[in-house]
Amino acid sequence: MPNGLTLIHHYDSNTPMVVVNVLYKVGAKDENPNKTGFAHLFEHLMFGGSINVPNFDTPLQLAGGDNNAFTNNDITNYYETLPVANIETALWVESDRMLQLDFNEQSLEVQKKVVCEEFKQRYLNQPYGDAWLKLRPLAYKTHPYKWATIGKELSHIETASLEDVKQFFYKHYGPDNAILSIAGNIKFDETVKLAEKWFGGIENRNISKTIITPEAEQTEGRYTTVKANVPQKAIYKAYHMCDRLDINFHATDFISDVLSGGKSGRLLNSLVKEQNLFSDINAYISGDIDAGLFVVEGHLNDAISFDRAEQAINDELYKLQQQAVGENELQKVKNKAESIFVFGQLNLMNKAMNLAFAENIGNIDWVNTEIDLYKSVQKEDIQKVAQQILTAGNCSTLYYEPK
Amino acid sequence: MSQSKTINLRHVAPAINLVDSLPVPGHTKLKLGNEIILHLLPEANTIGFKLDFYFSAGIKNGQHPTTAKATFRLMTEGTLLKSSEQIHESLDFFGSFIDKEVSFNYSKLTVFGTQPNFKDIILIIKDILKNPSFDKKEIDLYINREKQRLFVDLEKTQSLCKRAFAKTFWGESHPLGQPSEILDYDALKQEDLKAFYKNFIRPGLQQIVLSGCCSDDMIETIKEMCLSIKTEATSEPELLSDHIPLKGLTFIQKDPSIQAAIQMGTKLINRKHPDFASMQVVTTLLGGYFGSRLMKNIREEKGYTYGIGSSLQSIAGVGVLSIHTEVLNDKWEDTISCINSEIEKLKTQLVSIEELQTVKNYMCGNLARLFDGSFAQADRLQMLISESLDWEYYLKYLDAIKNTSVETIHYLANKYLNIDNFTTIVVGSK
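Chains as they are written, first to last, in this note's numbering: chain L, 1 to 403; chain X, 1001 to 1430.
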């Protein structure tokens, strides 16, 4: 649109509903290192009312709608699902908070407390809850992925001021830094007309991209030990991997599937079932837009030492470097990827979000074509990536030990 | 369009259209061999399918609830013909994944996959349903994993609260009042699992729901499979005695803890009672959605919590109204008095027409969302099957919500809500 807002439309005649998804290209990585947790706190404030909509939730609930939002290191994403006849209610509230949030002290004070309780509930008040709070600063030294979305520490949230909030809004929120994705039983012309009606008058804010220095290559293994009130030992091994658009991304994703996809992964079969070293173990990728992490995470059985457990993980990773995966094994992870692709298209909200995510990383066609990139991965690609990233020097290891 | 014009239109909320019907599907029911019923909820333009198998075998049938859960979990971990590893290797190869759920009076095995692999997937499932081996090695692995999981759970104030509530509320002789303990896992025996399978699961397959892609070929494959599965009427367990929950507050010390977990609950009417739908409106108004009174009071005004909720569920034939939250450690007493005063307010003051309209519209919209797509509709069928109801139920339910008046809310709150009847558990550090 002329004001810089990107509009995406998807038509689905089989549903009585519509999904309105607004993605803002701001996440924890855009934060000031001394004011972390801000993007997420801000997401809470976005429900505190705007200039013409004093209460955000009530109009949506009256319209039979449901809404929520989430923040990660890269983006902040807001969404509404409601009967298609009431789409204008969603467009009204979303465009109004894009136009101007109602900055007020009361809302800020309460949401600071709510976010602190969220911090405690999700990260501090449960065993292993703070693992990622420890792992991030170990793996990243310069890149802002070094802090978690919830923030580095409670004090950063506690000291946020109304002035900080205003600055953050005008620095990151505006039509030119957002993607509006609408999916449901509504035609293209009507969607454009309504998007122009509600969002067309909001001025472009000339938002500039945050400049981020990429993380320098890690050449030496890093280790740290946490002692806490946990029932069993746990180990986290994080390896730097490529970014979301990199040619190696899909092969890297497949490595995690070969190791622990479904219930037939190598780690489960070898380390849990055959060798009895772990009660459970998983491999996964962080899925960030910038260069992310490939993680192996497991809980050790009683009386198993960290040395022995870690050696066993290393042996499995070494096998991937020494020998290409089997034809069947490769076909298995490809079939799984295809299945996930099919199921991802069955849910309206998924479709609206996936369109916005794909557009945000710069390639909207990926909602349809990324599956082909998965299908074209060769076993040699997997072996090559394993050799590149699964090395001791590229790894940050966190040992979690019962007090 | 000029800027000023755009701004002006913002002062007034757009007009709203109410949800006045539900896309209740006209689904096909087929009677297969051996008295098994197949429900079809087809969706065009997808090759993805979901297949739910319902067994009349729930935790009420086991000697101990842990037995029922373990049997159902381990049923997919090896058959007389194939090892657990071989089964999962082939399921993964065909891009299939399975999900299991054990509830009070039934259990459910769900299989997801795509149409081209349907026959191959069904071959594996048929083997699982007919020949599970309950291998000793797999049982030991399961016990180890579940025990470790339980150790982690026992460190969480929220889990401790839930467990203590279950025991106090249902009574320790009721299957729902017996959360699994370490000792229960140690006591699991191969022969008990085999017996539970033989007596309840094997003869208990009664309903199958296919949603998503439903081709004639697929239906034929299911028909053939069912011919070789025998079902029998299973004996109903004895009726459970009506336990009267211990009322009042129990505080459980857990050090260190950063937040206190609270769960409150009381027995109420079940789903088949004529007041149930309107009582759902009362519960939603109190704490069932983001704009609820409890969320406004405890989260949005006081900032004590990240979330608080209330729900009215029909469990094991009993209606259960419960409220749960995790709050600042030194604010749990204040939280409980706020909850009590919100309940009192419902009994003494009439709700405004606007607030009631908001809740009702939210609930109707939510109901419409629950019918969006064939997979979602298959999930609705789950409740209908387990409670022996039909789609008509949802249409009546929608009407009942729409017809709930300000006076009804006031009347029902007085009829059913009594603070003195609540069982309250708090876990935290003093």
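Don't be surprised by glycine CBs; every beta carbon is placed ideally from N, CA and C.
Can you pull the chain X residues whose beta carbon is under 8 Å from the beta carbon of residue i, in chain order?
{"i": "W92(L)", "result": "R1010, A1013 and P1014"}
{"i": "G262(L)", "result": "H1088, L1091, D1092 and F1097"}
{"i": "A85(L)", "result": "N1017"}
Across which residues does DSSP place residue i in a beta bridge pair?
{"i": "M17(L)", "result": "P83(L)"}
{"i": "M995(X)", "result": "Since the first residue of chain X shown is 1001 and the last is 1430, residue 995(X) is not available in this structure."}
{"i": "N282(L)", "result": "E297(L)"}
{"i": "I1208(X)", "result": "L1038(X) and F1053(X)"}
{"i": "F10(L)", "result": "Inspection of the sequence shows that residue 10(L) is occupied by His rather than by Phe. H10(L) is bridged to A183(L)."}
{"i": "N77(L)", "result": "L23(L) and F70(L)"}
{"i": "K1108(X)", "result": "Y1054(X) and E1101(X)"}
{"i": "Q1253(X)", "result": "G1428(X)"}
{"i": "T397(L)", "result": "Y223(L) and K237(L)"}
{"i": "L1312(X)", "result": "L1321(X)"}
{"i": "G1113(X)", "result": "F1049(X)"}
{"i": "G1248(X)", "result": "T1423(X)"}
{"i": "P402(L)", "result": "A228(L)"}
{"i": "S409(L)", "result": "Nothing can be reported for residue 409(L): it is not among the residues displayed for chain L, which extend from 1 to 403."}
{"i": "Q1259(X)", "result": "L1328(X)"}
Measuring alpha carbon to alpha carbon, tell me which residue in the options is nearest residue i.
{"i": "W198(L)", "options": "R136(L), W92(L) and A291(L)", "result": "W92(L)"}
{"i": "L194(L)", "options": "R205(L), S181(L) and N204(L)", "result": "S181(L)"}
{"i": "N1061(X)", "options": "E1355(X), L1193(X), N1421(X) and C1214(X)", "result": "L1193(X)"}
{"i": "I202(L)", "options": "Q321(L), P402(L), K403(L) and T6(L)", "result": "T6(L)"}
{"i": "N1366(X)", "options": "T1284(X), E1181(X) and A1070(X)", "result": "T1284(X)"}
{"i": "D1390(X)", "options": "L1321(X), S1173(X) and H1039(X)", "result": "H1039(X)"}
{"i": "K1360(X)", "options": "N1017(X), M1075(X) and I1059(X)", "result": "N1017(X)"}
{"i": "I1252(X)", "options": "L1081(X), I1323(X), L1022(X) and R1163(X)", "result": "R1163(X)"}
{"i": "I1037(X)", "options": "K1272(X), I1385(X) and S1257(X)", "result": "I1385(X)"}
{"i": "Y1142(X)", "options": "A337(L), Y284(L), K336(L) and D280(L)", "result": "D280(L)"}
{"i": "Q1349(X)", "options": "R1271(X), T1408(X) and V1327(X)", "result": "T1408(X)"}
{"i": "K25(L)", "options": "I371(L), G4(L) and V110(L)", "result": "G4(L)"}
{"i": "I255(L)", "options": "Q378(L), H172(L) and L271(L)", "result": "Q378(L)"}
{"i": "D102(L)", "options": "L60(L), I150(L) and F42(L)", "result": "F42(L)"}
{"i": "K1347(X)", "options": "D1372(X), Y1411(X) and E1392(X)", "result": "Y1411(X)"}
{"i": "P33(L)", "options": "L82(L), I212(L), K166(L) and H172(L)", "result": "I212(L)"}
Residues of chain L with a CB under 7 Å from the CB of residue i: which are they?
{"i": "G1265(X)", "result": "Correct list: empty, because the minimum Cβ distance to chain L is about 21 Å."}
{"i": "T958(X)", "result": "Absent from the structure is residue 958(X), since the part of chain X shown begins at 1001 and ends at 1430."}
{"i": "N1297(X)", "result": "The premise fails here: N1297(X) is roughly 11 Å from chain L at the closest Cβ pair, so nothing lies under 7 Å."}
{"i": "L1328(X)", "result": "E117"}
{"i": "T1079(X)", "result": "Here the premise fails: no neighbours, minimum Cβ distance about 15 Å."}
{"i": "V1111(X)", "result": "The contacting residues do not exist; V1111(X) stays about 12 Å from chain L at best."}
{"i": "Q1357(X)", "result": "L62"}
{"i": "T1305(X)", "result": "E117"}
Output, in chain order, the set of chain L residues within a Cβ distance shorter than 8 Å of residue i.
{"i": "P1023(X)", "result": "P16"}
{"i": "Y1289(X)", "result": "Q61"}
{"i": "E1301(X)", "result": "V110"}
Determine the chain X residues that contact residue i at a beta-carbon separation under 7 Å, and present them in chain order.
{"i": "Q232(L)", "result": "Q1148 and F1151"}
{"i": "K120(L)", "result": "I1258 and Q1259"}
{"i": "N269(L)", "result": "E1085"}
{"i": "T81(L)", "result": "R1369"}
{"i": "H299(L)", "result": "Q1148"}
{"i": "G65(L)", "result": "G1365"}
{"i": "N21(L)", "result": "None at all; the shortest Cβ gap to chain X is about 15 Å."}
Could you round the C-beta distance between residue i and residue j to whole angstroms and report it? I think they count as a contact, below 8 Å.
{"i": "G1048(X)", "j": "C1213(X)", "result": "6 Å"}
{"i": "V1209(X)", "j": "L1381(X)", "result": "6 Å"}
{"i": "E118(L)", "j": "Y1306(X)", "result": "4 Å"}
{"i": "T1067(X)", "j": "N1131(X)", "result": "At roughly 20 Å, the Cβ-Cβ gap does not stay under 8 Å, so T1067(X) and N1131(X) are not in contact."}
{"i": "I8(L)", "j": "I179(L)", "result": "7 Å"}
{"i": "V1320(X)", "j": "G1248(X)", "result": "That pair is no contact at about 17 Å."}
{"i": "G1287(X)", "j": "I1308(X)", "result": "6 Å"}
{"i": "Q1263(X)", "j": "L1312(X)", "result": "Contact flag wrong, Cβ pair sits at about 15 Å."}
Taking Cβ-Cβ distances shorter than 9 Å, what residues in chain L pair up with residue i?
{"i": "G1317(X)", "result": "Near G1317(X) there are no residues of chain L at all, since even the closest Cβ is about 30 Å away, more than 9 Å."}
Which bits of chain X does residue i rub up against, with CB to CB less than 9 Å?
{"i": "G174(L)", "result": "The contacting residues do not exist; G174(L) stays about 15 Å from chain X at best."}
(message) Report the start-end ranges of each alpha helix (DSSP H) in the region 1321-1352 of chain X that is 4 residues or longer and not cut off at the edges.
(response) For the alpha helix (DSSP H) assignment, the uninterrupted runs of no fewer than 4 residues enclosed by the region 1321-1352 of chain X are, from N- to C-terminal side, 1332-1348.
(request) Run through the region 1010-1098 of chain X for me and flag every whole beta strand (DSSP E) of 3 or more residues, listed as ranges in chain order. (result) For the region 1010-1098 of chain X, the full-length beta strand (DSSP E) segments reaching 3 residues or more read 1028-1031, 1037-1042 and 1048-1055 along the chain.
(request) Only counting runs of 4 or more residues, tell me where the alpha helix (DSSP H) segments fall wholly within the region 156-215 of chain L, in order along the chain. (result) As far as the region 156-215 of chain L is concerned, its whole alpha helix (DSSP H) runs of at least 4 residues are 162-172 and 188-199.
(message) Ignoring anything shorter than 3 residues, give me the beta strand (DSSP E) runs that lie fully in the region 217-263 of chain L, in order along the chain.
(response) Correct list: 222-228 and 234-240.
(request) Could I get the ranges of all uninterrupted alpha helix (DSSP H) runs contained in the region 1270-1309 of chain X, with 4 residues as the minimum, in chain order? (result) Those alpha helix (DSSP H) runs which fall completely within the region 1270-1309 of chain X and span 4+ residues are 1276-1283.
(request) May I ask you to list, following chain order, the residues of the region 375-403 of chain L that have a beta carbon less than 8 Å from some beta carbon of chain A? (result) Reference to chain A is not applicable here, since the protein chains of this structure are L and X.
(message) Suppose only complete runs of 4+ residues qualify. What are the alpha helix (DSSP H) ranges in the region 1148-1182 of chain X, listed by chain order?
(response) 1157-1170, all fully within the region 1148-1182 of chain X.
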